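A short worksheet on the structure shown next.
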Amino acid sequence: MLGYWNRPEATADALKDGWLYSGDGAIRDEDGFIFIQDRIKDMMISGGENVYPAEIENIIMGLAGVGDVAVIGIPSDKWGESPLAIVVRKDESVTEEAVLTHCASKLARFKQPVAVRFIEVIPRNPSGKALKKDLRVQFKEVVGP
8 MLGYWNRPEA TADALKDGWL YSGDGAIRDE DGFIFIQDRI KDMMISGGEN
58 VYPAEIENII MGLAGVGDVA VIGIPSDKWG ESPLAIVVRK DESVTEEAVL
108 THCASKLARF KQPVAVRFIE VIPRNPSGKA LKKDLRVQFK EVVGP
């Protein structure tokens, strides 16, 4: 890669000393295999499309009765990753169907969550950022289509 078109700052961030910094976090096992563990940024790729959780979270927060939300990527055999919405309800009137219908009316299909899980509180660090790595562990059994 030579760089990003007309984006010298992005190029400088991504290319350092001849190496491309992709933003992926990975580990290498004892056999030398490399496994992607997490994206440094929260973006997921679903069906080849970039999906930004913040966009989905903002849409869901616009639904009456939602107190908090975090969106994570879950494995999908068909799409690579699919969005999972993790929602804190203000009241019990918020259902999975209501969240999915709300998202379907406002988001492109590839950005729509494939499922919703409800919890009491979104874990956050001291600066208020959702601990999405913890949520991925908590919801590791959930898989997409």
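The numbering used here applies: residue 8 is where the sequence shown begins, and numbers increase by one. In this text, a Cβ means the ideal position worked out from N, Cα and C, and glycines have one as well. Here the structure is a predicted model, which is why all the values come from computation and not from measurement.
According to DSSP, is residue i part of a helix, a strand, or is it coil?
i, result
"Lys-139", "helix"
"Met-68", "helix"
"Asp-49", "coil"
"Lys-113", "coil"
"Val-58", "strand"
"Glu-104", "helix"
"Val-150", "coil"
Relative to the C-alpha of residue i, which candidate in the options has its C-alpha closest?
i, options, result
"Glu-64", "Lys-136, Asp-24, Ala-92", "Ala-92"
"Val-121", "Ser-89, Thr-18, Ile-79", "Ser-89"
"Phe-146", "Asn-13, Gly-80, Val-76", "Gly-80"
"Asp-98", "Ala-71, Glu-62, Ile-34", "Ala-71"
"Leu-114", "Gly-74, Ile-67, Val-76, Val-123", "Ile-67"
"Lys-118", "Leu-27, Asp-24, Gly-54", "Gly-54"
My assumption, with CB atoms under 8 Å, is that residue i sits in contact with residue j. Please give the rounded CB distance.
i, j, result
"Met-30", "Trp-86", "Checking the sequence, you will find Gly at residue 30 rather than Met. Not really, about 20 Å apart at Cβ, beyond 8 Å."
"Glu-62", "Val-95", "With a Cβ gap of about 19 Å, Glu-62 and Val-95 do not count as contacting."
Report buried or exposed for residue i, applying the criterion of at least 16 other Cβ atoms within 10 angstroms of its Cβ.
i, result
"Ala-111", "exposed"
"Pro-133", "exposed"
Check whether chain C comes within 9 Å of residue i, counting only Cβ atoms and requiring the distance to be less than that.
i, result
"Phe-42", "Any reference to chain C falls outside this structure, which holds one protein chain only."
Do the region 135-147 and the region 102-112 make contact, defined as three or more Cβ pairs closer than 8 Å? Look at the beta carbons and you see the region 135-147 not touching the region 102-112: under three pairs across the two are nearer than 8 Å.
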